Each structure stands twice: as C-alpha cells, then as structure tokens.
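Below is one structure, written out as structure tokens, with a few remarks after it.
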Amino acid sequence: MRKILLTFAAMAGLAFSTSAFAADYKIMAPAAPGGGWDQTARTMQTVLQEEGISGNVQVVNVPGAGGTIGLAQFVNQAKGDPSQLIVGGYVMVGAILTNNSPVTLADVTPIARLTGEYEAVVVPASSPIQSMKDLVDKLKADPGSVSWGGGSAGGTDHIAAGLIAKAVGVDPTKVNYIAFSGGGEALAAILGGQVTVGISGYGEFESQIKAGALRIIGISSEKPIDGVDAPTFKDAGVDVTIQNWRMVTAAPGITDEQKAAITADIEKMVQSKSWKDALAAKGWQDTFLAGDAFDKQLAADTEATTAILKDIGLVK
Numbered sequence: 001m002r003k004i005l006l007t008f009a010a011m012a013g014l015a016f017s018t019s020a021f022a023a024d025y026k027i028m029a030p031a032a033p034g035g036g037w038d039q040t041a042r043t044m045q046t047v048l049q050e051e052g053i054s055g056n057v058q059v060v061n062v063p064g065a066g067g068t069i070g071l072a073q074f075v076n077q078a079k080g081d082p083s084q085l086i087v088g089g090y091v092m093v094g095a096i097l098t099n100n101s102p103v104t105l106a107d108v109t110p111i112a113r114l115t116g117e118y119e120a121v122v123v124p125a126s127s128p129i130q131s132m133k134d135l136v137d138k139l140k141a142d143p144g145s146v147s148w149g150g151g152s153a154g155g156t157d158h159i160a161a162g163l164i165a166k167a168v169g170v171d172p173t174k175v176n177y178i179a180f181s182g183g184g185e186a187l188a189a190i191l192g193g194q195v196t197v198g199i200s201g202y203g204e205f206e207s208q209i210k211a212g213a214l215r216i217i218g219i220s221s222e223k224p225i226d227g228v229d230a231p232t233f234k235d236a237g238v239d240v241t242i243q244n245w246r247m248v249t250a251a252p253g254i255t256d257e258q259k260a261a262i263t264a265d266i267e268k269m270v271q272s273k274s275w276k277d278a279l280a281a282k283g284w285q286d287t288f289l290a291g292d293a294f295d296k297q298l299a300a301d302t303e304a305t306t307a308i309l310k311d312i313g314l315v316k
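Per full-length UniProt numbering, the sequence shown starts with residue 1, numbered consecutively.
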C-alpha cells in the first residue's frame with residue numbers, strides 16, 4: 001500500500017513539475033501584421049501546433065517604435081510566465097538605441113536566434129530606375145530626392161540605406177528614410193509610388209517580385225542567391241553586405257528549468273520538416289543559435305550596431 005501511495009505521489013509530482021512548463025504558448029509579434037516579425041510568429045504558431053510540440057499557440061500584435069512598445073509591455077506583463085514568448089531581432093537592437101528605450105533585451109530571457117534574411121532593394125515595375133547604378137546616380141545627384149520606404153527607424157532597413165549612401169560617398173544623415181511600423185504598410189506605399197524605393201527582407205517582397213509588380217535591383221548577400229534575379233550590392237558596385245536576423249526570447253524571471261524546457265521546444269521546432277519547408281518557401285536562412293553562444297552573439301551585435309548607428313548619424 002505504501003509503495004502504491006509513493007508511486008501515486010511521484011506521478012502527481014511529475015504532473016505538477018511538467019505543468020510548470022508551457023504546453024501552450026502566447027507569442028507576441030511587436031509589429032503590425034504583414035511584416036517579418038509577424039510572419040515569424042505565425043510560422044512558429046503553425047509549426048509548433050502541426051508538429052505536436054504545443055497544443056495551442058496564440059499570436060498577438062503590438063506594433064510601434066521598432067518593437068520597443070511591445071517589448072516594454074511584454075517585460076511588464078509577462079514576468080515569470082513561461083508560456084509567453086516574444087519575437088524580435090536586429091531591428092529591435094537598433095530601435096532600442098534610437099528610441100532610448102528604458103527596456104532593453106537585458107530585461108528578457110534570450111532563447112535562440114532563428115533565421116536570417118538578406119535585404120532587398122526594390123522599385124515599382126513602372127519606375128524609371130532599372131538598376132542599382134540608376135539608384136546611386138540619383139542618390140548622388142540629390143540625396144533628398146530618393147525616398148526609402150522600410151521598417152522602423154534605426155532598424156536593419158534604415159541601417160542598410162545609410163550604409164549604401166555611405167558606401168557611394170553620400171552623407172548618410174541626408175538619407176530620406178520613411179519608416180513604417182509593418183511590412184503591409186510599407187509594401188502599399190512602395191506599390192503606390194509614395195516612395196522611390198523599398199528596402200526590406202527579400203521574403204517580404206518575393207510574391208510581388210514574382211508577380212511582376214516590383215522589380216528587385218539589388219540584394220545584400222555576399223554571393224548571388226539561387227532564384228533571386230538580382231546582383232548583390234557588391235557586384236553592383238556598392239560595397240555593403242548585411243543580414244537581418246530574427247530571434248525568440250522568453251519572459252524575464254523564469255527559472256533555468258523553464259528556460260531549458262522552452263529551448264527544447266524551440267529546438268524541436270527548428271529541426272522539424274515543417275520549419276525547414278517554411279524557411280525554404282519564405283527565403284529565410286537557417287541561422288539557429290541558442291544558449292551561451294547566442295547570448296555572446298547578441299552582446300556582440302548590440303555593440304556593433306551601436307557603432308554603426310553612431311556612424312550614420314542615428315545615435316549620438
């Protein structure tokens with residue numbers, strides 16, 4: 001009888017301990033629907049559920065200020081809750097600096113870098129700009145005449161536009177950059193001719209490029225990419241390479257055991273066929289990195305981004 005009671009107690013203890021970890025997740029995309037963070041969160045939602053890693057995954061959007069509004073809300077409301085996650089990335093690193101955000105990535109629990117994506121420069125199909133050379137010529141003649149439509153101020157898109165200007169001898173502080181809080185808004189402005197060029201991750205433009213509504217004139221990779229009909233910036237004479245990366249972090253104040261359980265779920269997700277198929281379909285590169293290695297990389301990227309933003313005049 002005593003053995004049965006002990007066995008029952010052990011089972012009850014196991015049930016209690018596993019319930020401390022999140023079978024269900026709520027993922028915040030700190031941007032408007034349609035952009036890269038929203039796509040990342042919703043891809044995670046689909047894969048976690050399809051693969052049986054999580055029974056129920058919800059996605060919520062909290063746009064504004066390069067993700068820092070959502071980040072502040074997440075830090076204040078999710079503390080100690082292992083069921084809550086937030087996606088972010090290189091854009092957020094810059095936005096924290098340019099917005100002087102009181103909340104930083106030091107206030108959350110980093111889990112993993114998930115994907116990387118190269119920056120594409122596009123124009124509407126009707127644009128007279130046919131190449132990066134045409135764009136550079138126009139930029140050199142009058143920097144203000146070229147309006148760049150992209151994501152939030154201080155993010156990867158903004159940094160890339162500044163680096164392009166700097167590389168061709170144009171004062172990067174003269175870049176006429178128009179920030180949009182979501183990929184859907186930016187795309188509408190580009191297609192509508194409200195901006196001269198669009199700059200963002202290739203995946204956000206891919207369907208419109210393939211449909212012929214947008215023309216891609218350059219991509220920020222080191223080498224040409226199969227299936228992308230455009231030269232690299234370098235091959236087009238602009239010595240710039242840059243990659244946007246996206247990550248997932250957990251709430252502040254969770255235990256080491258809870259962090260380990262979340263990390264295990266994310267590792268199962270990125271190893272699944274569904275995730276790999278999604279990356280291929282969206283043109284995202286697999287840059288998965290977790291644990292201490294990711295913590296160190298995040299610190300290094302934050303330091304490098306601070307230097308870049310100062311160099312192009314976005315941070316004093």
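For every residue, glycine included, the Cβ atom is placed at its ideal position computed from N, Cα and C.
Here the structure is a predicted model, which is why all the values come from computation and not from measurement.
For the options V47, L105 and E50, the alpha carbon positioned closest to that of I69 is the one of L105.
Note on geometry: alpha-carbon atoms of V91 and Q39 lie some 15 Å from one another. Look at T249 here: in three-state DSSP terms it is strand. Less than 9 Å separates the beta-carbon of G34 from that of G184. For S200, DSSP records a beta bridge to A120.
The beta carbons of W284 and G66 sit no closer together than 9 Å.
The beta carbons of Q73 and M28 sit closer together than 9 Å. Between the C-alpha atoms of K273 and F288 there is a straight-line separation of about 15 Å. In the three-state scheme derived from DSSP, where H, G and I count as helix and E and B as strand, W148 is classed as strand. Comparing alpha carbon positions, the residue from I159, I262, S220 and A125 closest to P172 is I159. Apart from sequence neighbours up to five positions away, the residues of its chain that approach V136 with a beta-carbon distance below 6 Å are V168, ordered along the chain.
Every alpha helix (DSSP H) stretch that sits fully inside the segment 40-86 and reaches 4 residues is listed by chain position as 68-77. Collapsing the DSSP output to three states places P172 in a helix.
N100 sits exposed, since fewer than 16 C-beta atoms from the chains shown fall within 10 Å of its C-beta. Taking a contact to require three or more Cβ pairs closer than 8 Å, the segment 120-136 and the segment 201-219 qualify as touching. Taking C-beta atoms as the reference points, Q194 and G150 fail to come closer than 9 Å. Rounded to the nearest whole angstrom, the CA to CA distance from E50 to I225 is 30 Å. Counting only residues of its own chain and dropping the five nearest sequence neighbours on each side, V57 has a CB closer than 6 Å to the CB of Y25, Q45, L48 and Q49. In the three-state reduction of the DSSP assignment, F288 falls in the strand class, which pools E and B. Sorting G88, I111 and G89 by C-alpha distance to the C-alpha of D256 places I111 at the top. DSSP lists V60 and I86 as the bridge partner or partners of M28.
Within the same chain, and ignoring the five residues on either side of I308 in sequence, the residues whose Cβ sits closer than 7 Å to its Cβ are I159. Inter-residue distance for A250 and Y202 is about 27 Å (C-alpha atoms, whole angstroms). Leaving aside the five residues that flank T232 on each side, the residues in its chain whose CB is nearer than 8 Å to its CB run, in chain order, G218, I219, S220, S221, E222, K223, P224 and T241. Per the DSSP secondary-structure output, P110 pairs in a beta bridge with T249.
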